[in-house]
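So for the sequence shown, the working numbering puts the first residue at 25; every next one is plus one.
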Amino acid sequence: MSTLMSFIHNSVQPRLNDPANARLWLPRLLVGMTENDEPVLPIRSDVQDLGFLQGEHGGYVADRFVQVWSIMNQKDAVADPLQPLPAMKLTEVTLGGLQNMLVQQVSSLPKPAGYDASVVLQPNHYPNPTQGLEMPSLTLSGRYQIEQSLWVEDAYRTSITGIGSFSASFSDCSLNALLALETEGSAEQRVPTVTLSSLNMNAIEGEQPTLLFEKLTLEGDLEQSEVLIQFIQQALNAPDGKLSMLSTVADMLNGPDNLDSMSSALSTYLINSLDELFSRVPDQGLPTDSHNQQGATVLDVYLFDRLRVALNQSDSEWYLPLLLSDSTDPVLEPYHHAQVVIPDQTIAGLEYTNIELNNLYVAGLSNAFMPLEKCLLASPVMTMEVLFGVLPEGHTVSRQALHSGLPPAPPVTITTRLSLTQQGNVSVDLEGDVHASLYDCHLNINVSVSGEDVSDLDVTINALNFVWGSEPVEFNVALEPRNSVLESMLQKMLLKPEIQDPLKAQLANALTAQRSELSANFTRLAQATLINQLS
C-alpha cells in the first residue's frame, strides 16, 4: 500500500457509492449527521446579502421598478443617482440536496500529524427518491427582498420594495471538500479528528455551474409583476448575478458555523466507526508508548494502537483468541503435527529405540494474549510477542461456532501417541498415550501488510518462532497395557532435554514451514473482518 490512508479510501469509496450498503452509503451518512442532536443538513442562513444587481440586466430591473413606481404614484421618478441599481438580499435561506452526492475522487497526502485529503463530490446523482431517502437536486431556496432607491421629481428620495420566494437549482458542477485527518490529545487520551477546511463548488465545464430558477415569485400588488420577475431572473442568471448566487452558496458552505458543525459531525462519525471496527477504547485508554512506534504519521500510530488494543478485547472482531480459533488452513485450535522422531535413549541401563510421537495435537493456542509493550510498529512491519495459556477460561463463541468458549482454559496441552522399542534379550514394542501441559510458551512473529484496498490486502508473515520457556512441562504417560513402573520411567525420559529439544524444534519448524499458508489464512481472516465491518 502506498499509504494507510490511500488503502482506507480505496476500500471505502466504492461502498460510499453503493446504495445497497446499509452502513456506508454516503447519502444515508450525510442525512444522519448531527450536532447536539440536530441534523447538520440542510444548511440554513438567516440572511445573505447579494448586494446590487450589476450589469445591464440590473439596469433593466432598475428601469422597470422606476416605471412601476411612476405608474402607481402618478409621478415621474428616476433611479437614484447615488444608488442606481437594485439591492437584493436573501432571507430564510436553505441550501438543500447536499445528501444527493456521489464520491468521484478521493486523494490524500501524508504529513507528520496525519493526512490532508481532497474529496470531489458529484451532486444530483441519484433519482428522487432512492432507498427511501429524498434525493432533491442541489437547490438554494428561501425568501428574498429587492429594493430600488428612487429620485422623485419633487426632489426627494424614496424606494420601492418587492418581496417573494425563490428556488434555484445548480447543475453541471462538483463540490470539492478539503479535510485534515489528525489526532488530538496525548498518550492514552488521544482521539481522531476530522477538520473540514473548505467546501467549494466548481463548474464541470466552463467557468460557472448552470443556475436554473425553478421558482421566483413577487408578492403584493405591484404593477407589471410578471415582467419584473422576468427581469429579476435575467439579472440573476447574468454572469454578475450568477456570481452573487454562487458567492452566497460559497458563504453558506464555508461559513465558520457550517464548517465547525460538519467537522464535529465527521469527527464523531469517525470515532463511532472506529469503535465499531475495533471495539470501544477501554477505560484505561490507549498505550502510552507511541514514541516507540515508527508509523508514517501520528494517525497511523493511533490506528495501530487501536488494532493492538483490539487484539486483546473479548468484544472485538479482532480478538486474538477469536482469530486463532477461526483459522482453518492450517487449523490452529487444535494444531496438528503428524510425527516427531526422538533420538534413541538409555534409561536404567536399557536402550529405547524407534521413539516416535505420532499425531501430535497442540490444544489451547487460542488462549492467546499479546502484551502491548511487545507489539511494535516499523511501518509497514509489525513485530509482536504472543503469550499462550495465560488467560482465564472465557465465554466468547467463535464466529464459525467451532468453539463455544474462548479462550479455552489454560494451560496449552499436547496429546500424542507414543511408540518406542525397548531393547534387551527380547525386544519389546511399547505404545501409549502422552499428555503434556505447557506452562510457558509464546510466539514471536514479524508481519508486514500491503495492498491497495481490502480486496488486495496481503498479510505476510515474514518470520515466526514458537518458543517454550523455562517453566517445567508436565507429562503423563498411559501405556497399553498399563505399566506404572515403565510409565514413570518414560515420564522422566520425556523431561530430558534430549527429548524436549527435538520436540520443540520440530514443532517450531513445522509452524515456520507453514508461513505461506498462515499468511494466506490470516489475510482471509483480516479481509473477512474488514469486509464485514464495511458492509
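Each residue gets a CB set at the ideal place from its N, CA and C atoms; glycine is no exception.
As the structure is a computational prediction, the values presented were derived from the model and not from experiment.
Assumed close pair Leu240, Ile253 - CB separation to whole angstroms, cut-off 8 Å: Taking the sequence shown and counting its residues from 1, one reaches residue 240 at position 216. Taking the sequence shown and counting its residues from 1, one reaches residue 253 at position 229. With 8 Å as the limit, Leu240 and Ile253 qualify as a contact, their Cβ atoms being about 5 Å apart.
For Ala334, collect the residues of the same chain with a Cβ closer than 6 Å to its Cβ; drop the 5 residues on either side in sequence, then sort them by chain order. Counting from 1 along the sequence shown, the entry for residue 334 is found at position 310. Closer than 6 Å at the Cβ level, and outside the excluded window around Ala334, lie Phe302, Ser303, Ser340 and Trp342.
List, from N- to C-terminal side, the beta strand (DSSP E) runs of 3 residues or more that fit wholly inside the region 452-499. 452-462, 465-474 and 482-492
Within 8 Å, do at least three Cβ pairs link the region 115-132 to the region 74-94? no
Rounded to the nearest angstrom, what separates Thr217 and Gln257 at their Cα positions? Position 193 of the sequence shown holds residue 217. Position 233 of the sequence shown holds residue 257. Counting only the Cα atoms, Gln257 lies some 43 Å from Thr217.
Using C-beta distances below 7 Å, list every residue in its chain close to Tyr326, excluding the 5 sequence neighbours before and after it, in chain order. Start at 1 with the first residue of the sequence shown, and residue 326 comes out as number 302. Thr207, Arg214 and Pro216.
Taking all protein chains shown into account, do 16 or more other C-beta atoms lie within 10 angstroms of the C-beta of Tyr84, making it buried, or fewer, making it exposed? The count along the sequence shown starts at 1 and reaches residue 84 at position 60. The residue is buried, with at least 16 neighbouring Cβ atoms inside 10 Å.
Below 8 Å CB to CB, which residues in the same chain sit around Arg332 once its five sequence neighbours on both sides are set aside? Residue 332 sits at position 308 when you count from the first residue of the sequence shown. The answer, listed in chain order, is Pro311, Met394, Leu396, Cys399 and Met408.
Straight-line gap, Phe499 to Gln515 (C-alpha atoms, nearest Å): Taking the first residue of the sequence shown as 1, we reach residue 499 at position 475. Taking the first residue of the sequence shown as 1, we reach residue 515 at position 491. Approximately 6 Å between the Cα atoms of the pair.
Any idea what DSSP makes of Thr321, helix, strand or coil? Position 297 of the sequence shown, counted from the first residue, corresponds to residue 321. The answer is coil: DSSP assigns Thr321 none of H, G, I, E or B.
As an exercise, report each continuous alpha helix (DSSP H) stretch of at least 4 residues that is fully enclosed by the region 93-142, in chain order. none
With DSSP run on the structure shown, which of helix, strand or coil describes Asp525? As a first step, residue 525 is located in the sequence shown; it is residue number 501 there, counting from the start. In this structure, Asp525 counts as helix in the three-state DSSP scheme.
DSSP three-state assignment for Lys516, whether helix, strand or coil: In the sequence shown, residue 516 corresponds to position 492, counting from 1. Looking at Lys516 - three-state DSSP - the assignment turns out to be helix.
Name the two residues that bound the continuous alpha helix (DSSP H) containing Val36. Translated into the one-based positions of the sequence shown, residue 36 becomes position 12. Here the alpha helix (DSSP H) through Val36 covers Leu28 to Leu40.
Tell me the residue span of the alpha helix (DSSP H) that contains Thr292. One-based indexing of the sequence shown puts residue 292 at position 268. Start and end: Pro280 to Phe302.
So what does DSSP say about Leu48, is it helix, strand or coil? Position 24 of the sequence shown holds residue 48. Residue state, collapsed to three classes: coil.
Cβ contact (3+ pairs, closer than 8 Å) linking the region 483-490 and the region 452-462: Too few Cβ pairs lie closer than 8 Å, so no.
Three or more C-beta pairs under 8 Å: does that hold for the region 434-449 against the region 466-479? no
Take every Cβ of the region 168-179, pair it with every Cβ of the region 275-287, and state whether three or more of those distances are shorter than 8 Å. no
State the DSSP-derived secondary structure class of Asn224, mapped to helix, strand or coil. In the sequence shown, the residue the question calls residue 224 occupies position 200. The answer is strand: DSSP assigns Asn224 an E or B state.
Given a threshold of 16 other Cβ atoms within 10 Å of its Cβ, counted over all protein chains shown, does Ala534 qualify as buried or as exposed? For this step, residue 534 is matched to residue 510 along the sequence shown. Under this definition Ala534 is a buried residue.
Return the Cβ separation of Ser191 and Thr163 in integer angstroms, given the expectation that the two are a contact with Cβ distance under 8 Å. Taking the sequence shown and counting its residues from 1, one reaches residue 191 at position 167. Taking the sequence shown and counting its residues from 1, one reaches residue 163 at position 139. About 6 Å; that satisfies the 8 Å criterion.
What are the partner residues of Met408, as DSSP defines its beta bridges? What you label residue 408 is simply residue 384 of the sequence shown in a count that begins at 1. Bridge partners of Met408: Ile469.
When the Cα of Gly309 is compared with those of Glu212, Glu229, Met513 and Val71, which residue comes out closest? The residue labelled residue 309 in the question sits at position 285 within the sequence shown. The option with the nearest alpha carbon to Gly309 is Glu212.
Going by other Cβ atoms of all chains shown within 10 Å of its Cβ, with 16 needed for buried, is Lys99 buried or exposed? Counting from 1 along the sequence shown, the entry for residue 99 is found at position 75. Lys99 comes out exposed.
Using three-state DSSP, classify Val215 as helix, strand or coil. Within the sequence shown, numbered from 1, the residue matching residue 215 stands at position 191. In this structure, Val215 counts as strand in the three-state DSSP scheme.
Helix, strand or coil at Gly83 [DSSP, three-state]: Within the sequence shown, numbered from 1, the residue matching residue 83 stands at position 59. Helix at Gly83.
Where do the ends of the alpha helix (DSSP H) carrying Ser268 lie? One-based indexing of the sequence shown puts residue 268 at position 244. Its alpha helix (DSSP H) spans residues Pro263 to Leu277.
Tell whether a beta-carbon distance below 7 Å holds between Leu242 and Gly186. Reading the sequence shown from its first residue, position 218 is the one you call residue 242. Reading the sequence shown from its first residue, position 162 is the one you call residue 186. Against a cut-off of 7 Å, the Cβ pair of Gly186 and Leu242 comes out as a contact.
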